[in-house]
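Notes follow the structure.
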Amino acid sequence: MSFLSAEFGIFLALGLVAFYLSPSHWRPSVLLGMSYAFYSSWSLPGTVLLLSVTTGVYLAARWIEGRSAEHSKFALATIAVAGLLLVLFVFKFGVSLAGIFSARPEGIAPGILLIAPLGLSYYLFKAIGYLLDVYWETMPAQRSFVSLALYLSFFPQIVSGPIQRAGDFFQQYRELDKPDSDEFIVGLRRILFGMFKKVVIADRLGLLVATTHSHPSGFSSLELLTGAYCYSLQLYADFSGITDIAIGLGLLFGIRGPENFDLPYFASNIQVFWRRWHMSLTSWLTDYLFLPLRMSLRGLGTVGLSLAIMINMLAIGLWHGPKWTYAAFGAINGVFMIVSALTLKARNKFFQDHAPLAHIRTWAGPLLTFHLMVFTHIFFSADSLRLALTYVVSILPAIRRTGIPAWRLNWPLMGISVQTFLALCAGLAAMEAIHWGAKQTYWRGRFISAPRLLRWGLYYASILILVLSIKTTMTFIYAQF
Amino acid sequence: MTKTDIQRQLTTVFRDVFDDPRLELNDSTTAQDVENWDSITHVDLIGAVEKSFGIRFTVKDIRGLTNVGDFIRLIASLVK
Chain A
290 MSFLSAEFGI FLALGLVAFY LSPSHWRPSV LLGMSYAFYS SWSLPGTVLL
340 LSVTTGVYLA ARWIEGRSAE HSKFALATIA VAGLLLVLFV FKFGVSLAGI
390 FSARPEGIAP GILLIAPLGL SYYLFKAIGY LLDVYWETMP AQRSFVSLAL
440 YLSFFPQIVS GPIQRAGDFF QQYRELDKPD SDEFIVGLRR ILFGMFKKVV
490 IADRLGLLVA TTHSHPSGFS SLELLTGAYC YSLQLYADFS GITDIAIGLG
540 LLFGIRGPEN FDLPYFASNI QVFWRRWHMS LTSWLTDYLF LPLRMSLRGL
590 GTVGLSLAIM INMLAIGLWH GPKWTYAAFG AINGVFMIVS ALTLKARNKF
640 FQDHAPLAHI RTWAGPLLTF HLMVFTHIFF SADSLRLALT YVVSILPAIR
690 RTGIPAWRLN WPLMGISVQT FLALCAGLAA MEAIHWGAKQ TYWRGRFISA
740 PRLLRWGLYY ASILILVLSI KTTMTFIYAQ F
Chain B
-10 MTKTDIQRQL TTVFRDVFDD PRLELNDSTT AQDVENWDSI THVDLIGAVE
40 KSFGIRFTVK DIRGLTNVGD FIRLIASLVK
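Residue numbers (the numbering used here), protein chains in the order written: chain A, 290 to 770; chain B, -10 to 69.
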């Protein structure tokens, strides 16, 4: 049951009625029932795994909290986290590793073990974070099984995140009996905005991307460059679209999930980019992997820092799945991050000493960072390392070996018309203007106080464009992770 | 060491790590208030504080820190 299906619309409507008609003390159970019903529509065996993990995590947290000796707490926490990592490894990495980072080994039929259950990485990361928080005594173990089960299975977040922290969720969970009608409206608006980004912008860009990425050798340098830009923009519109839908759905039930994006393509350098892109995953990895690792390696100075950054970035890459392209994506970003971190002080000093050049830095920094990310996304999007390298080589006019003129720009061949492309550029500019405006108190206030006719006209226009753009099958890029 | 002594010495460490001789700290100062205080410089800061005060932090120690006030209390509990 996809978020964009008619079945989900009916499920949501029935769920909202049940939730708001229930006595307040039943609401968590209603929401838990909805979450399990939603999850079991994808896979029943997967639901059994989710319930088993939840039970194990519930008991482990209680045991960790109940021990007084530090070594005993540490041993229990280590066993529990290792167990969860093992589940992740077996279901997501096990079979692919048997084929050495390739597709399913020949002769093995598709089966339950070959398909990672939906949302596995998301709910296991939530579970690991919760256990470590209990071990580090930054939050108590949950007494209520329902609260923990709802945290791990919460249906708006289980498909593609965001990865909400346990403390933040449980604080809001305690106030489920006091729904906020304003937040409900904000939620509906977020869902509409997310669907617009996905259906109107991301899927249209996807038409061009699917064409250029399927056989790079058949396109000119300029066409491939356009395809590479469009993939980065598609990924952003798609992933931030599903995040908006997830946050909006959560708000309908009184739970505000964490933000995942903060104008990432305007980041001044690669370090800032990774603080603004998939923020719930990167901040999770910072707290539970990078900082402990960096603390353990701090005696090694620069080597320790570089090692911690590289391991962290490889983890970000391989979190998406066991493919060499994801490993390359992580490793290249790791190199960029290390160079950036080691030279940041010197760069700051240089621009302090050369004040007139600082103006150039304000626009050249984001431009360079965007292009570095477009480059790494070529690896992220490719089916194989070979295809990624072919794509990179085919972009470079000096070394490409085809008879196609390097600067040709044939729109019909790329799958969309120039008018559609220009409309998409306008749509992307509007999307970023809305992202920027939503952060400004002034513009937020101006929008809310605008005449009702204008606001509702905008909503209906968006819905109309959405309906006209909708296709029969739509999947989100990040739903596969 | 008194709280004032710790805060004074800590301010010197912060100014050195963040390369800002005018940096001022108070109990409610957080990473949001100090330019370039991110996850990478955070451990540089931890290392510099350890060296300056002759103490050693664990991951568990630094997990609970939310502001400079917490940091000062943690240092006070570790210095002899």
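Every residue, glycine too, gets a C-beta built ideally from N, C-alpha and C.
Small disclaimer: the values here were computed from a predicted structure and weren't measured.
Boundaries (first-last residue) of the alpha helix (DSSP H) holding residue i
i, result
"A/W745", "R741 to S758"
"A/A722", "V707 to K728"
"A/T652", "For the sequence presented, residue 652 of chain A should be read as Trp rather than Thr. Residues A644 to S670."
"A/M703", "W700 to M703"
"A/S346", "The residue you asked about is not Ser; residue 346 of chain A is Val in the sequence shown. That run of the alpha helix (DSSP H) goes L333 to G355."
"A/K381", "A/K381 -> no alpha helix (DSSP H), and no H or E assigned at all."
"A/R564", "I559 to R565"
"A/Y518", "S510 to L541"
"A/A326", "R316 to S329"
"A/G610", "It is not in any alpha helix (DSSP H) - A/G610 carries neither H nor E in the DSSP assignment."
"A/Q431", "It is not in any alpha helix (DSSP H) - A/Q431 carries neither H nor E in the DSSP assignment."
"B/F60", "V57 to L67"
"B/D13", "At residue 13 of chain B the sequence reads Glu, which differs from the Asp that was named. Segment: none, B/E13 is in no alpha helix (DSSP H) and carries neither H nor E."
Outcome for residue i when other beta-carbon atoms lying within 10 angstroms are tallied against a minimum of 16
i, result
"A/P740", "exposed"
"A/R316", "buried"
"A/K612", "buried"
"A/T632", "exposed"
"B/N15", "exposed"
"B/K69", "exposed"
"A/F414", "buried"
"A/C519", "buried"
"A/F485", "buried"
"A/G400", "Confidence is the limiting factor: at A/G400 the pLDDT is only 40, short of 50, which leaves the residue's position unreliable, though a coordinate-based value still follows. Exposed: under 16 other Cβ atoms inside 10 Å."
Assigned secondary structure, residue i (DSSP; H/G/I helix, E/B strand, else coil)
i, result
"A/M626", "helix"
"A/A768", "helix"
"A/R690", "coil"
"B/K49", "helix"
"A/H360", "helix"
"A/D492", "helix"
"B/T18", "coil"
"A/E548", "coil"
"A/F555", "helix"
"A/Q464", "Before going further, note that residue 464 of chain A is Glu rather than Gln in the sequence given. Residue state, collapsed to three classes: coil."
"A/Q453", "coil"
"A/R636", "helix"
"B/T(-9)", "coil"
Nearest-angstrom Cα separation, counted from residue j out to residue i
i, j, result
"A/A416", "A/S442", "10 Å"
"A/F482", "A/L755", "10 Å"
"A/F625", "A/F736", "39 Å"
"A/F669", "A/Y767", "12 Å"
"A/S683", "A/L711", "25 Å"
"B/T18", "A/L310", "45 Å"
"A/L301", "A/L698", "45 Å"
"A/L409", "B/T(-9)", "50 Å"
"A/E359", "A/H666", "44 Å"
"A/L477", "A/F528", "18 Å"
"A/P694", "A/S509", "6 Å"
"A/F308", "A/V346", "27 Å"
"A/F458", "A/H643", "47 Å"
"A/G298", "A/V342", "29 Å"
"B/S41", "A/L586", "19 Å"
"A/S294", "A/I759", "10 Å"
"A/W690", "A/T679", "Checking the displayed sequence, the identity of residue 690 of chain A turns out to be Arg instead of Trp. Their backbone Cα atoms lie some 11 Å apart in a straight line."
"A/L496", "A/Q523", "10 Å"
"A/F765", "A/A491", "9 Å"
"A/P334", "B/V2", "55 Å"
"A/G543", "B/V48", "34 Å"
Residue i: CB within 8 Å of a non-hydrogen atom of the ligand SAH
i, result
"A/S503", "Ligands are entirely absent from the displayed structure, and the ligand SAH is therefore not among its contents."
| Residues in the region 612 to 646 of chain A having any Cβ partner in chain B nearer than 7 Å | Residues passing the 7 Å Cβ filter: A630 and K634.
| Taking any Cβ of chain B, which residues in the region 543 to 564 of chain A have a Cβ under 9 Å from it, in chain order? | So the close ones are Q560, V561 and R564.
| field | Interface positions of the region 567 to 588 of chain A facing chain B (Cβ-Cβ less than 7 Å), listed along the chain | value | Result list: T575, F579, L580, P581, R583, M584 and R587.
| query | Going along the chain, which residues of the region 34 to 60 of chain B sit with their C-beta nearer than 9 Å to a C-beta in chain A? | reply | From the region 34 to 60 of chain B, only I35, G36, E39, F46, T47, V48, K49, I51, R52 and G53 have a Cβ closer than 9 Å to chain A.
| task | Closer than 9 Å, Cβ to Cβ, to anything on chain B: give me those residues from the region 425 to 447 of chain A, in chain order. | result | Closer than 9 Å at the C-beta level to chain B, one finds these residues of the region 425 to 447 of chain A: W425, E426 and T427.
| field | Contact set between the region 7 to 30 of chain B and chain A, restricted to residues whose Cβ is under 8 Å from the partner | value | Under the 8 Å Cβ criterion, the region 7 to 30 of chain B contributes D8, N25, D27, S28 and I29.
| field | Contact set between the region 659 to 684 of chain A and chain B, restricted to residues whose Cβ is under 7 Å from the partner | value | So nothing in the stretch comes that close.
| Got a sec: which bits of the region 362 to 384 of chain A sit with their beta carbon under 8 Å from any beta carbon on chain B, in order along the chain? | Near chain B, meaning a CB-to-CB distance below 8 Å, no residue of the region 362 to 384 of chain A qualifies.
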